[in-house]
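Quick note: the sequence shown uses my numbering, first residue 1, plus one each step.
In this text, a Cβ means the ideal position worked out from N, Cα and C, and glycines have one as well.
One structure is given below, encoded as structure tokens.
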Amino acid sequence: MLAFIRFADNLSAAFGKAFAWLIILMTFGTSYEVFVRYVLNAPTPWAFDVSFIMYGTLFMMGGAYTLSRNGHVRGDFLYRLWSARTQASVDLVLYLIFYFPGVTALIVTGWKYAERSVRYGEVSVNSPAGIPIFQFKAVMVAAGLLLFVQGIAEILRCIRCIRDGYWTRAEEDVEETENTILNKATAAESDAHP
1 MLAFIRFADN LSAAFGKAFA WLIILMTFGT SYEVFVRYVL NAPTPWAFDV
51 SFIMYGTLFM MGGAYTLSRN GHVRGDFLYR LWSARTQASV DLVLYLIFYF
101 PGVTALIVTG WKYAERSVRY GEVSVNSPAG IPIFQFKAVM VAAGLLLFVQ
151 GIAEILRCIR CIRDGYWTRA EEDVEETENT ILNKATAAES DAHP
């Protein structure tokens, strides 16, 4: 059980971190477009579509990684007051009732859209450049599969928590900027006042 959880966490992290590099490409692409549009007065016909596709891909492929790190938004004003076993029990039911049917619908519907898009060689109608978008439609299926695998890991996490009474979390690999600043300030203060 723990081996599969670690496998899913590592798989989600690998894809999330790989696709995170799209932020750099989006930054350069958007900066280039702003420069040529406002300085050279020569806008590109492809910039909107490419940034739209990259952002959508980043958003979709980062979903499983965010789930593995417990980073999705949660209305936890009650949830955080519950014991770990109660949290896991509620999560387990919600995964089974809502999460898996939704992710399965994403995979099945995404497959239909992607298959049709690839067959037609679909291009964007938003710009005269005719940027191919069939590969973006295929991202829906890939993201859905990653979410499905990570969802199984989350179910196993819930079962372990119900059994053991504590959560098995993914390895920490990132830290919020606020926490980094706070940790540095705390360390500096403790060094100044031993």
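Between the beta-carbon of residue i and the beta-carbon of residue j, is there less than 8 Å?
i    : j    : result
R85  : I162 : yes
I131 : V118 : no
A138 : D49  : no
M60  : A153 : no
Distance, Cα to Cα, residue i vs residue j?
i    : j    : result
G165 : C158 : 10 Å
W82  : L92  : 14 Å
G121 : F136 : 12 Å
A8   : Q150 : 5 Å
F52  : A114 : 17 Å
A47  : G29  : 7 Å
D191 : A185 : 10 Å
Hey, quick one: how far does the alpha helix (DSSP H) through residue i stretch, first residue to last?
i    : result
W111 : 100-120
N183 : 177-192
G63  : 63-68
N10  : 2-20
R85  : 84-94
Rounded to whole angstroms, how far is the Cβ of residue i from the Cβ of residue j, which I believe are closer than 8 Å?
i    : j    : result
R37  : A170 : Not quite, the Cβ-Cβ distance comes to about 42 Å (not below 8 Å), so this is no contact.
M224 : L146 : The requested residue 224 is not part of the displayed model; the chain covers only 1 to 194.
S204 : P43  : A query on residue 204 cannot be resolved here, the shown segment of the chain reaching from 1 to 194 and no further.
G16  : Y55  : With 8 Å as the limit, G16 and Y55 do not qualify as a contact, their Cβ atoms being about 15 Å apart.
V73  : I107 : V73 to I107, Cβ: 23 Å. No contact.
What are the residues that DSSP puts in a beta bridge with residue i?
i    : result
P132 : V123
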